[in-house]
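A.B. asks: Submitted below is the structure of interest, expressed as structure tokens.
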Amino acid sequence: MSLLIRRAGAQQTVSLRLVPERDFFNAELIRQKLGLQVQELTRELATSMGLPFFGGFVVADVDKDSPAAEARMEKYFVVRGVDNQPARDLVELGRLVHAKRAGESVRLNVIAPPKRGSFGGFREGSVPVKLK
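Here it is in structure tokens:
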């Protein structure tokens, strides 16, 4: 697509290429901004992990020295949304995270699995994470 720009008597043509949102708002964006490697928690994945629910994004790994590591996010936490706004897919999650600038914080709505040897169940809450 070409875009013609006219300003102060001068004109310039700029070429644009539109890309699908999922090519930008994706798991790599989440990793770059937060230091979290996430995977969509499908029904099949939840069953294989022994989780009684599905939906959201399971934390597959936390990058060392990342904002998520500083916030004490852990592997197997499940991210359900950002700032109390649910995210149904990676595109929505990416949009919510990308809407904030580097240095700002987001509150990740998470479900934490029970600790080994603990009699407690799943814990639900929010974790503040400062964006890179």
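Numbering of the sequence shown is given in the numbering used here, commencing with residue 328 and proceeding in unit increments.
For glycine and all other residues, C-beta sits at the position ideal for the given N, C-alpha and C.
1. Nearest to L408 by alpha carbon, out of S329, L368 and E348?
2. Which partner residues does V389 have in the DSSP bridge list?
3. With contact counted as at least three CB pairs below 8 Å, one residue from each stretch, are the stretch 346-357 and the stretch 371-383 in contact?
4. Output the boundary residues of the beta strand (DSSP E) element that contains E348.
5. Tell me, which residues are paired with N436 by DSSP?
6. Assuming T374 is part of the alpha helix (DSSP H), what are its boundary residues?
7. Kindly list the residues whose CB is nearer than 7 Å to the CB of R370, restricted to its own chain and excluding five residues on each side of it in sequence; keep chain order.
8. Tell me whether S393 is buried or exposed, calling it buried when 16 or more other Cβ atoms sit within 10 Å of its Cβ.
9. With distances taken Cα to Cα, identify the nearest neighbour of R509 among K427, E431, V433 and V418.
10. Identify, in the order they occur along the chain, each residue of the same chain with its Cβ nearer than 6 Å to the Cβ of V437, setting aside the five sequence neighbours on each side.
C.D. replies: Per the coordinate set shown:
1. Reading off the sequence shown, one finds Gly at residue 408, where the question assumed Leu. Closest by alpha carbon: L368.
2. DSSP, once it has assigned bridges, lists L363 as partnering V389.
3. no
4. No beta strand (DSSP E) contains E348, which DSSP labels as neither H nor E.
5. G408 and S453
6. R370 to M376
7. Hits under 7 Å: F381.
8. buried
9. Nothing can be reported for residue 509, as the shown portion of the chain is limited to 328 through 459.
10. F404, V406 and V454
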